[in-house]
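**Student:** Take this structure, written in structure tokens, and hold onto it; I'll ask about it next.
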Amino acid sequence: MTNRPSYYITTAIDYVNGRPHLGHAYEKVLTDVLARYQRRQGADVFFLTGVDEHGMKVQQSAAKQGRQPQEFCDEMAGHFRALYDRLNISYDDFVRTTQPRHKEVVQKILQQLFDAGEIYSADYEGYYSTRLEQFLTEKDRVDGKFPESFGEVVFLQEKNYFFKLSQYQGWLLEFYQNHPDFIYPSFRTKEVLGALQEPIPDLCISRPAARLSWGIPLPFDSEQVTYVWFDALVNYLSVLGYERGQAGGRWPAVHVIGKDILVPPHAIYWPAMLKAIGVAQPRQLVVHGWWTQNKEKMSKSVGNVVDPLELIDLYGVDAFRYFVMREMALGYDADFSEEQFKLRYQSELGNTLGNLVNRSVSMIHRYRGGVVPSPMEPGTEAGEGFRRDVLESIRVYRENMDKLQLHVGIMELWKGLMRVNQFVDETAPFKMAKDEARRAELDHVLHELAAALELFAQELQVLLPGTALKMCEQLGGGLQSSISQELHWPESVAGRHLGQAQVLFPRLEETPSPKPA
Ligand code: MSP
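The number in my numbering is simply the position in the sequence shown, starting from 1, with 18 added.
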């Protein structure tokens, strides 16, 4: 047993019908930053990510390659997992919806709802878009015809099962009125309330297995399989274990998702499903915006995707993590530009952070044989102001991280790093080194630099885990996995033997491409 607060955080699980792109990678980095931040705060974190493997699209993609769906999924799941490992995503579990542990829980929940009369079967007939895999209504016609975007439209008559979603409408409305902070950013709650103004129909949860075989069979009708959301959403519970009405101990979760899957799946279906099975609501939905290219959503179907692996090969993992977290204001869209990536790489990572660490460590080697000297007695005017400014930047960084204003927090941290650069420029240690009479002053400046970098290295392990580790090696210390709530100036850096100075973010050459570690 632990008395640390529990913090369960999840990402959306990605469809495996295409390779992961920048949008998928962003979401996993975002969730990783939140998970690492909570771990440092002392929480007992459980971080879940994974892939969504069932459905018609996967069945078709596999068939196109003449392969069995499972074999196809195994390969694709491998690509996602390899990318997330490369990105240093500190997940505790990786769920695949084809795993028996998941299928069992989906079936348990279906059976529970069926027994409770929450699921019923009905004959359904209507026009169906084979491209979008959904039934169409008369409202979808434009000038009497279904638009091209639906692809082939056929008239279908079939039996399906439905979840009595409509009866949760009143409860959902009340829930959102009483929980204005359930969704972050809270302005998205309006979209949910808007959707709840219209009557919500019952949710079709199955397809005949004859048409869609790549799914989880209904436990009460083997000729039908569950369809999309009833399968996918349950992943959040299935990894914890589930018995009628009883979710595993780590529940409830914070779900990190993109805005396209808020309404209706996460904001309407999922709360209603949880209510129906008697499980508590999630702790929060954290909803991010889209990466776009020329203002259009980046997606496989549009064909405008950016491959994260190419960026990582060119600039390094931490540069990728930094860029996506700094560039996108959480909750809003951001347009991707490699030019902007390069600018941030060169100035914020290369200069403000990389050069600062490099020249500070080099000076301690050159002037003091690589051993951090002792500071002067407290009270020196210049020193006090410097300490105050650096600590303040870290305090404001943490304050913003707590409020999920991640990009603002990062900006604050970089303000602090700029303050350290300014300190070097103002005190000019290279001049002090030429004057033996200023020995104690130089000791002090070098100590303060090492101490400030120690503070930043500890904070940066959340955002840039690889870089933070390299900084600690150079600073002759180690990473502290959790923080003391009281922020104070490091006492223990004097006397440390520094490691060799390393280049953290190599200069970008036009050709050949740099190969950062
Ligand atoms: N499989 C469903 C999610 C089920 S969750 C129980 C799905 N998969 S997805 O592969 O299409 O998307 C996975 C996540 O990536 C979603 O949160 C989605 O919003 C996000 N992104 C996909 N494209 C995106 C961008 N262009 N930009 C940012 N994130 C977007 O939906």
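Every residue, glycine too, gets a C-beta built ideally from N, C-alpha and C.
1. Please look up how many angstroms separate the CB atoms of V389 and G513, rounded, as I've assumed it's under 8 Å.
2. Could you tell me which uninterrupted beta strand (DSSP E) segments, each at least 3 residues in length, are contained entirely in the segment 116-188, listed from first to last along the chain?
3. Can you have a look at T207 and say buried or exposed, based on whether 16 or more other CB atoms are within 10 angstroms of its CB?
4. Under 8 Å by Cβ, that's how I've got E71 and V34 pegged, so tell me the actual separation to the nearest angstrom.
5. So what's A579 in DSSP terms, helix, strand or just coil?
6. With S380 as the anchor, note down where its alpha helix (DSSP H) starts and where it stops.
7. At 4 residues or longer, what runs of the alpha helix (DSSP H) sit wholly inside the segment 210-258?
8. Indicate the three-state DSSP secondary structure (helix, strand or coil) for F65 in the structure shown.
9. Just the C-alpha distance for N373 and V521, rounded to the nearest angstrom, thanks.
10. If I measure Cβ to Cβ from M94 and keep anything under 6 Å in the same chain, skipping five residues before and after, which residues do I get?
11. Rounded to whole angstroms, what's the CA-CA distance from A519 to R22? Just pull it up for me.
12. Kindly examine ligand 1 and report whether one of its heavy atoms sits closer than 6 Å to the Cβ of W288.
13. What residues in its chain sit with their C-beta under 8 Å from that of K75, if we drop five residues either side in the sequence?
14. For ligand 1, any of its heavy atoms closer than 6 Å to the Cβ of Y33?
15. Does at least one heavy atom of ligand 1 sit under 6 Å from the Cβ of G276?
16. Using a threshold of 6 Å, is the CB atom of K318 nearer than that to any non-hydrogen atom of ligand 1?
17. Between the Cα of R525 and the Cα atoms of A468, W432 and A337, which residue gives the shortest distance?
18. Nearest to S139 by alpha carbon, out of G307, E430 and L221?
19. According to DSSP, is Y194 helix, strand or coil?
20. Compute every distance between the C-beta of H425 and the non-hydrogen atoms of ligand 3, then say whether any falls below 6 Å.
21. Can you grab the Cα-Cα spacing for the pair T28 / Y333, in whole Å?
22. Hey, out of N439, F354 and I330, whose CA is closest to S365's CA?
23. When you compare only the Cα positions, how much space is there between L516 and M429?
24. Write down the C-beta distance between V305 and I201 rounded to the nearest angstrom, noting that I regard them as a contact closer than 8 Å.
25. Are at least three pairs of beta-carbons, each pair with one atom in the segment 245-252 and one in the segment 41-52, less than 8 Å apart?
26. Could you tell me if W269 is buried or exposed, where buried requires 16 or more neighbouring beta carbons within 10 angstroms of its beta carbon?
27. Across which residues does DSSP place T29 in a beta bridge pair?
28. If you run the structure through DSSP and keep just helix, strand and coil, what is I295?
29. DSSP three-state call for Y202: helix, strand or coil?
30. Relative to the C-alpha of K315, which residue among Q302, G349, D278 and E345 is closest?
31. In the DSSP assignment, find the unbroken alpha helix (DSSP H) run with Q311 in it and report its ends.
32. Distance check for V51 and H462, CA to CA, integer angstroms please.
33. Taking the Cβ atom as the reference point for each residue, do H425 and A486 lie within a distance shorter than 7 Å?
34. Just to confirm my understanding: we take A535, look at its own chain, exclude 5 residues before and 5 after, and list those with CB closer than 6 Å. What are they?
35. Kindly list the residues whose CB is nearer than 7 Å to the CB of Q302, restricted to its own chain and excluding five residues on each side of it in sequence; keep chain order.
36. For R114, write down the residues that DSSP places opposite it in a beta bridge.
**Tutor:** Reading off the structure:
1. 7 Å
2. 137-147 and 171-181
3. buried
4. 5 Å
5. Examination of residue 579 is not possible in this model, given that the chain is present from 19 through 535 alone.
6. L374 to R386
7. 247-250 and 253-256
8. strand
9. 8 Å
10. V34
11. 37 Å
12. no
13. Y33, N35 and E151
14. yes
15. yes
16. no
17. A337
18. L221
19. helix
20. The ligand content of the structure shown is limited to ligand 1, which means ligand 3 is not among them.
21. 27 Å
22. N439
23. 28 Å
24. 6 Å
25. no
26. buried
27. V274
28. helix
29. strand
30. D278
31. Where Q311 is concerned, there is no enclosing alpha helix (DSSP H), although the beta strand (DSSP E) it sits in stretches over W309 to Q311.
32. 34 Å
33. no
34. Residue placement at A535 is poorly supported in this model, since its pLDDT is 49, which falls under 50; the coordinates are not used for a value here.
35. F200, Y202 and V272
36. V69
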